[in-house]
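Residue numbers (our numbering): 1 to 189.
Don't be surprised by glycine CBs; every beta carbon is placed ideally from N, CA and C.
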Ligand SMILES: Cc1cc2nc3c(=O)[nH]c(=O)nc-3n(C[C@H](O)[C@H](O)[C@H](O)COP(=O)(O)O)c2cc1C
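So this is what it looks like as structure tokens:
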């Protein structure tokens, strides 16, 4: 599968078959992850592959929007050292991981890590040093047959600007996105 097909075809999968995942495919996905772009060439990432059902269950119990991690045969915990660009680096690696999984016929889903109150608990659960940041936990496995239709994305036309940002009718700014109006300062006398 070429890169464009993999990028176009990938979607989040939250329901998995019980079919085990070949270790070579897991390894290839992590190999793609470690090749991601990384600020200042730091490569702060580590990838902990968890297949133990008991540990997957513990991780799933912690994640408010990741209960299916208990059902997915593989969880990959993406950790980064606390560097300047750890979140960007770990996110780029996570995306590579998921696209490589898709290219090999696997489904995946990114479960939030950074900013979540359970992040430290997962870092501890997988035995990583306290200073590591949890960027994501990726569910991985062969998709179950009954997954919902692909999410509709904003169109290319809607997001692509040439030379300058252009406001289009199809892409109105909601009032919530506008900067707060400047409050006139009272002049002191
Ligand atoms: C930073 C980030 C955090 C996410 N956290 C979760 C999560 O906790 N649980 C979940 O089911 N999906 C999570 N997702 C997946 C998104 O919901 C999903 O990517 C989005 O709905 C777009 O769908 P698609 O992946 O099928 O294109 C997360 C994605 C990102 C990038």
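- Per DSSP, the continuous beta strand (DSSP E) segment holding residue 79 begins and ends at 74-80.
- Following the DSSP letters along the chain, one finds residue 134 inside the beta strand (DSSP E) bounded by residues 133-141.
- Contact annotation: the segment 145-163 does not touch the segment 58-66, with fewer than three C-beta pairs closer than 8 Å.
- If the five residues before and after residue 111 are omitted, its C-beta is found closer than 8 Å to the C-beta atoms of 63, 65, 66, 69, 136, 137, 138, 139, all from its own chain and listed in chain order.
- In the DSSP annotation of this structure, the continuous segment of the alpha helix (DSSP H) that includes residue 102 starts and ends at 86-103.
- Going by DSSP, residue 24 is part of no beta strand (DSSP E) but of the alpha helix (DSSP H) stretching over 23-34.
- Per DSSP, reduced to three states, the secondary structure at residue 128 is coil, with no helix or strand assignment.
- CA-to-CA, the gap between residue 118 and residue 60 works out to about 11 Å.
- With fewer than 16 other Cβ atoms from the protein chains shown falling within 10 Å of its own Cβ, residue 166 counts as exposed.
- Taken through DSSP and simplified to helix, strand or coil, residue 68 comes out as helix.
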